[in-house]
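Participant: Quick note: to get our numbering, add 1461 to the position in the sequence shown (first position is 1).
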Amino acid sequence: MPKAAVESATPYLPERRTLRVLQQAVQSCEGCDLYMRATQAVFGEGPAAARVALVGEVPGDKEDLQGHPFVGPAGAILDRALEEAGIERRDVYVTNAVKHFKFEQRGKRRIHKKPNSAEIRACRPWLEAEMAVLRPRVIVCLGATAAQSILGSSYRLTKEHGKFVPHAWAPHVTSTIHPSAILRAPDEDQRHAQYRGFVADLEKVREMLDAA
Ligand code: URA
Ligand code: SF4
C-alpha cells in the first residue's frame, strides 16, 4: 500500500476505546516514521480516576527501553516537583504528545530529538483519544511541544504558562516548562530559578484541584 501523503495515526485507532485497548493498539501504529527506529511505543500511565493529565513531549531513551513514560531523569525532577507542589501521584496521569522515541545516534548514545510539526500532528489522535477516555479536570502541557499539540502553534508558553484556559479536552488547560529544560539549564542559579517556576505553576494546578 502506498504511504499516505499526510501522516496520521487516525487509521490505527481502535473502535473500542479504553486506556488499555489504546495502549495495546498504539504498538501497531505506523502513522508517521518514528515507529521504525523506536523500541516500542510508550503510552500514558496513571490511575483512570486521575484528575490531572501531564503531557510531555516524547519518550526519552530510558522510556523507550522500559516502555513507561517519565522514568528517566526528567521523571525524577517531575516526581520531586509534584510532591513539593502537594499533588498526589494517585491524582496524576502522565503521557506524551508523541508516543515513539525520536533520536539521533551518536556513537553508542541515542540523543533525544524534538519531534517536528508533522509528527506532533500525526500523533495527536492518540492523545485526543487518551484524553477523551480519561476526561481529566486539568491538562498540564509540559513544554512547547505539548502546548503546540493541544493549544496550537500560536500559543506562547513563555507568556501564558501558569494560566488556565478552557478546552474541548478538559475544563482547564495550562502549561509550564518541560522538566528536561531544568536539567539543561546552563548554571545552578538558572536551574534553581526554573525549578522554582515549575513548582509555582504546579502549585496553581493544586489550587485548581482544591477549589473543585
Ligand atoms: N521527556 C518527555 O517529554 N517524556 C518522557 O516520557 C520522558 C522525558
Ligand atoms: Fe504513530 Fe505517534 Fe508513533 Fe508516529 S509517533 S508512529 S503517529 S504512535
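Note that CB positions come from ideal geometry on N, CA and C, so glycine has one too.
Which full runs of the alpha helix (DSSP H) of 4+ residues lie inside the segment 1527-1566, going along the chain?
Facilitator: With a minimum length of 4 residues, the continuous alpha helix (DSSP H) runs that stay inside the segment 1527-1566 are 1534-1546.
Participant: Whole angstroms are fine: how far does the CA of Ile1611 sit from the CA of Leu1515?
Facilitator: About 12 Å.
Participant: Pull up the DSSP beta-bridge partners for Val1599, would you.
Facilitator: According to DSSP, Val1599 bridges with Val1513 and His1633.
Participant: Return the residue from the list Glu1518, Val1467, Tyr1473 and Gly1492 that minimises the CA-CA distance to Leu1603.
Facilitator: The candidate whose alpha carbon is nearest that of Leu1603 is Glu1518.
Participant: Ser1615: buried (16+ other C-beta within 10 angstroms of its C-beta) or exposed?
Facilitator: Its Cβ having fewer than 16 others within 10 Å, Ser1615 is exposed.
Participant: Which value, in whole angstroms, describes the spacing of the CA atoms of Ile1581 and Gln1651?
Facilitator: Taking the straight line from one Cα to the other gives about 29 Å.
Participant: Rounded to a whole number of angstroms, what is the C-alpha to C-alpha distance between Asp1552 and Ala1511?
Facilitator: Near 4 Å, if we compare the C-alpha coordinates of Ala1511 and Asp1552.
Participant: Mapping the DSSP letters down to three states, classify Pro1640 as helix, strand or coil.
Facilitator: Helix.
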